[in-house]
Amino acid sequence: EDVLRVGDKRRIKYVTSIKPTSTKVDVDYVVKGTFSDKGQYCYYYENLNCVVRPRDNNNLDVVCSTQWVQNVQEGIGKMLDISNNRINVQVQRCGGAFGGKVSRA
Numbered sequence: 001e002d003v004l005r006v007g008d009k010r011r012i013k014y015v016t017s018i019k020p021t022s023t024k025v026d027v028d029y030v031v032k033g034t035f036s037d038k039g040q041y042c043y044y045y046e047n048l049n050c051v052v053r054p055r056d057n058n059n060l061d062v063v064c065s066t067q068w069v070q071n072v073q074e075g076i077g078k079m080l081d082i083s084n085n086r087i088n089v090q091v092q093r094c095g096g097a098f099g100g101k102v103s104r105a
């Protein structure tokens with residue numbers, strides 16, 4: 001909270017992935033302290049994923065771990081500027097996930 005309140009951007013890093021290490025000699029960062037996320041949802045074990053395969057006539061086959069198929073279809077259509085009927089979305093083993101997969105996949 002202090003870092004966010006001060007607004008010092010040098011202390012805030014956006015990291016999308018961290019290369020894992022098992023030897024502990026090639027570690028780039030050591031993180032210590034406390035983390036608090038007051039708006040945290042319950043987390044779930046299933047992975048979020050999406051695989052898209054192009055098909056004939058500019059159609060797409062999408063396999064996605066979402067609970068909101070229409071949102072995925074409309075989002076892809078909007079980003080690629082193609083009609084929704086060209087996007088075939090399939091979901092396998094969606095699970096409950098406390099609603100987390102509604103918008104995050």
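So the sequence shown is residues 1 to 105, counted in the UniProt record's numbering.
Beta carbons are placed, not taken as given, at the ideal position from N, Cα and C, and that holds for glycine.
Legend entry - Beta bridge counterpart(s) of N61 as assigned by DSSP: The amino acid at residue 61 is misidentified as Asn; the sequence shows Asp. For D61, which the question treats as bridged, DSSP gives the partners R53 and N88.
Inset, instruction - Just mark Q73 as buried or exposed, buried being the case when its beta carbon has 16 or more other beta carbons within 10 Å. - result: buried
Legend entry - Helix, strand or coil at D8 according to DSSP, with G and I counted as helix: coil
Legend entry - Alpha-carbon to alpha-carbon, V89 and G77: 11 Å
Legend entry - Cut-off 8 Å between Cβ atoms - residues of its own chain near N59, not counting five sequence neighbours on either side: R86, I87 and N88
Inset, instruction - With DSSP as the reference, label L48 as helix, strand or coil. - result: coil
Legend entry - Distance CB(V25)-CB(S65) smaller than 8 Å: no
Legend entry - Boundaries (first-last residue) of the alpha helix (DSSP H) holding Q70: V69 to L80
Legend entry - Beta-carbon spacing of V6, I12 below 8 Å: no
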